[in-house]
Amino acid sequence: MRYVRLDTPKPISKIGLGTWQFGSKEWGYGPEYERRAAEIVRRALDLGVTLFDTAELYGFGRSERILGAALGDDRGKVVVASKIFPLLPVAPVVQQRAVASAARLGVDGIDLYQVHQANPVVADTTTMRGMRSLQDVGLVGEVGVSNYGLRRWRFAEAALGRRVLSNQVRYSMIDRGPEEDLIPYAEQAGRIVIAYSPLAQGFLSGRYDATNPPAGAVRRANPYFLPENLERGAQLIATLREVADAHDATPSQIALAYVLRHPNVVAIPGASGVEQMERNAAAAEIDLTDDEYAALVAAAHAFRPVTGLAAVPRMVRARLGK
Ligand SMILES: NC(=O)c1ccc[n+]([C@@H]2O[C@H](COP(=O)([O-])OP(=O)(O)OC[C@H]3O[C@@H](n4cnc5c(N)ncnc54)[C@H](OP(=O)(O)O)[C@@H]3O)[C@@H](O)[C@H]2O)c1
């Protein structure tokens, strides 16, 4: 495993584990998955993974409970990251929600406490007042944000009066927005971009095609899995396979290596089984050559999925099986 080169109380592994899947029926993994989830966590620990990401929203607290129980006595050795869903993120609510998350996780301190998304009405001055007091009493280690633009990330730092260590955003080969400003900022200021959906929810694994889309409500709502987009992605997947073959790796591992190339980026792929966790952890060791990286960039640029409003009628038709 590789770790971010930054001054943090505990090392942060380049590959973390995302746990939205835990306790969340909408991924379609069935009741058996809860046992598997614990095995995934234990294996991740064995492999040197130190970043475990959850949120109060995932499974309405179940993800935090499953993760905390699976970590057991190792909770203190790793970076446990959770998120507040900022419905009304005024200071007293932030404090009370952190206490509830810590209790579900079974920890006396949340190593990284993140604001799940920017609240359009409540300013970060208010939210960060709550965060600062949580840091002052030791219930929260580092503060993070998620789905923040650069301006608001920096504003949140000014409001906190301390570093906001990380911004967790969608970042993969086919969602490259963070490369414009968030990643350069992280590199210059010593911050971290946490890449969520780094496999585009499995799209980049090459496991799915138009005749074999994934099950579950989460991915039915993701336009990348429209039959048309799965077809349009064939060339990109072929390029991933080509690079993967040269490393004796899989397309998913190469997709992870693509985002991890930036020193201040870590990725938190979810996993449906232990073997995926193993492969994802191993991806931290892959070094892409400049030519390989250029080929991946070109293939990613050439992929033009149908997204946004144009995707809506197609998604309705796909839902109706037409
Ligand atoms: N802050 C936010 O707003 C936000 C939003 C979304 C996610 N997140 C966080 O980010 C984490 C990851 O994002 P995500 O779950 O949306 O997407 P992801 O990590 O891109 O995709 C995860 C899915 O990809 C497949 N997969 C994983 N490893 C694989 C491998 N080695 N080979 C083949 N397939 C593999 C699995 O599905 P199958 O095996 O079923 O195909 C798995 O459930 C979440 O768990 C959550 O913690 C945060």
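At position 161 of the sequence shown the residue is numbered 160 (numbering that gives the first Met the number 0), and the sequence of numbers has no breaks. We put the beta carbon where it would ideally sit given N, CA and C, even for glycine.
Distance, residue j Cα to residue i Cα
| i | j | result |
| --- | --- | --- |
| E156 | R162 | 6 Å |
| L50 | P222 | 29 Å |
| P212 | R313 | 14 Å |
| V3 | Q167 | 15 Å |
| L46 | A36 | 15 Å |
| Q116 | R103 | 21 Å |
| H246 | L181 | 29 Å |
| T124 | G148 | 16 Å |
| V89 | E63 | 22 Å |
| V114 | A80 | 11 Å |
| M130 | A188 | 21 Å |
| P119 | L87 | 10 Å |
| K13 | V121 | 32 Å |
| D52 | G15 | 7 Å |
| Y32 | E274 | 14 Å |
| A298 | D289 | 14 Å |
Own chain residues within Cβ distance below 6 Å of residue i, not counting five before or after
| i | result |
| --- | --- |
| Q20 | W26 and G269 |
| G105 | G67 |
| S23 | Y57 and G58 |
| T306 | P222 |
| V92 | none |
| A282 | Q252, L255 and A256 |
| G205 | I236 and P250 |
| A233 | none |
| V69 | Residue identity check: residue 69 is Ala in the sequence provided, not Val. Counting only Cβ-Cβ distances below 6 Å, and skipping sequence neighbours, we find A37 and V40. |
| R128 | A90 |
| S165 | G143, I191 and I193 |
| V96 | Here residue 96 is Arg; the residue named in the question, Val, does not match the sequence. Counting only Cβ-Cβ distances below 6 Å, and skipping sequence neighbours, we find I83. |
Closest residue to residue i among the options (Cα-Cα distance)
| i | options | result |
| --- | --- | --- |
| V142 | F154, L159 and R151 | L159 |
| D244 | L16, I285, A293 and E178 | I285 |
| A98 | Y112, A301 and L86 | One detail in the question is off: residue 98 reads as Val in this sequence, not Ala. Out of Y112, A301 and L86, Y112 has the C-alpha closest to the C-alpha of V98. |
| L138 | Q116, F154, D107 and R153 | D107 |
| L44 | R61, D72 and G60 | D72 |
| T18 | G272, A185, A294 and D6 | G272 |
| S171 | V136, A80, V296 and L5 | V296 |
| F84 | V77, V265, S100 and G75 | S100 |
| R150 | R131, Q95, V89 and Y184 | Y184 |
| V136 | M276, I109, G232 and R74 | I109 |
| V40 | V315, A310, M276 and A54 | M276 |
| R42 | R303, H300 and N279 | N279 |
| H300 | A310, R231 and V311 | R231 |
Sequence-distant residues of the same chain with beta carbon closer than 8 Å to residue i, five excluded per side
| i | result |
| --- | --- |
| R260 | L287 and Y292 |
| V324 | Since the first residue shown for the chain is 0 and the last is 321, residue 324 is missing from the structure and cannot be characterised. |
| D174 | S196 and A199 |
| I11 | Y2, V3, L5, T49, L50, V78, I191 and V265 |
| R240 | G205 and P250 |
| S132 | A90 and Q94 |
| R74 | G67, L104, G105 and V106 |
Test: residue i CB closer than 8 Å to a CB of chain C
| i | result |
| --- | --- |
| T288 | The structure shown contains no chain C; it holds only a single protein chain. |
Other residues of its chain near residue i: CB distance less than 7 Å, five sequence neighbours each side excluded
| i | result |
| --- | --- |
| L229 | Y207, D208, A209 and P212 |
| N8 | Before going on, a small fix: residue 8 reads as Pro here, not Asn. Cβ within range, chain order: G140. |
| E227 | V305 and R313 |
| A317 | L225 and P226 |
| A294 | T238 and V242 |
| R219 | R318 |
| P177 | V168, Y170 and V192 |
| W152 | V144, V163 and N166 |
| A214 | G27 |
Review point. Taking only runs of the alpha helix (DSSP H) that begin and end inside the segment 265-301, which ones reach a length of at least 4 residues, in chain order?
Key: 273-282 and 289-301
Point to revise | Within the segment 190-273, ranges of the beta strand (DSSP E) (whole runs, at least 3 residues) | key: 191-195 and 264-266
Point to revise | Entirely enclosed alpha helix (DSSP H) segments - the segment 48-89, minimum 4 residues | key: 61-70
Review point. In the segment 97-170, which residue ranges form an unbroken alpha helix (DSSP H) of at least 4 residues, counting only runs that do not cross its ends?
Key: 123-135 and 149-159
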